[in-house]
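Written below as structure tokens is the structure these notes are about.
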Amino acid sequence: MGKIKNFFTKDKPWYLAFLRDFILSLLVLGIILGGIYLYSGVWPPLVAVESESMKPNIEIGDVVFIVEDEITTYQQATKTGLTSFNRPGNVVVYDVPGKNGKPIIHRAMYWVKKGEEMWGEGPEAPHSGYITKGDNNDVIDQKSPDIAYGEPIKKEWIQGKAKYKIPLIGKLRLFLDNLTGGIVHYTLETQYQYTHQQLQWIPSQCFS
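This is how it looks when you write it as structure tokens:
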């Protein structure tokens, strides 16, 4: 025990001092990241936003902190008064398997059961899930072929609920990504126009 204590307290040659500082830095970083994970319940807990579908409430370059928690839809929140990012209902991060390969951050609007109409006079839901929509979009994601067409968002597809945002600091990460090839921005023009909110995970290299 005495040898361990001496390693961290006594002056050493530069390479041992460097090793000591490196180990201490890793310990501090591990404690911080462990605390963040315990609080959020998801990993990674931070995402950088790279499109405009949640404007004006979430902007390009904002970093969003997400947590694992119960979800209140827009429909429910209009009755309870709950707001998140300036509007009723929670904002969620989800990924539809086999779709665009990038997580989406949009608001949970309402829940539908299997066999119910996904919207007024619309098709029946193939399974239970959330109907979602970007605050800056004209149509729900389930009407958007490049997002989640005909697919209510299952609970297991949701990676977290947006809790807080840090404005603009994600722009550096997005800039660096563009220098190395960029993230594909999906757009589509049909009888309607829409955008969808794409994300980049921080600190991992996983695309959103």
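Numbering-wise (my numbering), the sequence shown opens with residue 1036 and increments by one. Ideal Cβ placement from N, Cα and C applies to all residues, glycine included.
With a 10 Å radius around the Cβ and a threshold of 16 neighbouring Cβ atoms, GLU1186 comes out buried. Under the rule that a run must span 4 or more residues, the alpha helix (DSSP H) segments found entirely inside the region 1098-1179 read 1109-1115. In the DSSP assignment, LYS1198 falls within the unbroken beta strand (DSSP E) covering 1193-1201. Bridge partners of ILE1093 according to DSSP: none are assigned.
In terms of Cβ geometry, VAL1131 and TRP1192 form a close pair [threshold 8 Å]. Following the DSSP letters along the chain, one finds ALA1183 in no beta strand (DSSP E), marked with neither H nor E. Counting the other CB atoms within 10 Å of its CB gives PHE1053 a total below 16, which places it among the exposed residues. Nearest C-alpha to LYS1168 among TYR1199, GLU1151, GLY1124: GLY1124. Under DSSP, LEU1061 forms no beta bridge with any residue. Within the same chain, Cβ atoms closer than 7 Å to the Cβ of GLN1110 are found at MET1144, TYR1145, the five residues on either side in sequence being excluded. For LYS1148, the number of other beta carbons within 10 angstroms of its own is below 16, and it is reported as exposed.
In this structure GLY1155 is exposed. Its beta-carbon is surrounded by fewer than 16 other beta-carbon atoms within 10 angstroms.
Annotation: THR1107 to ASP1097 spans about 22 Å, alpha carbon to alpha carbon. Residue pairing from DSSP places ILE1188 in a beta bridge opposite TYR1165. Excluding the 5 residues flanking it on each side, ALA1183 has same chain C-beta neighbours closer than 6 Å at VAL1131, ASP1176, GLN1177, in chain order.
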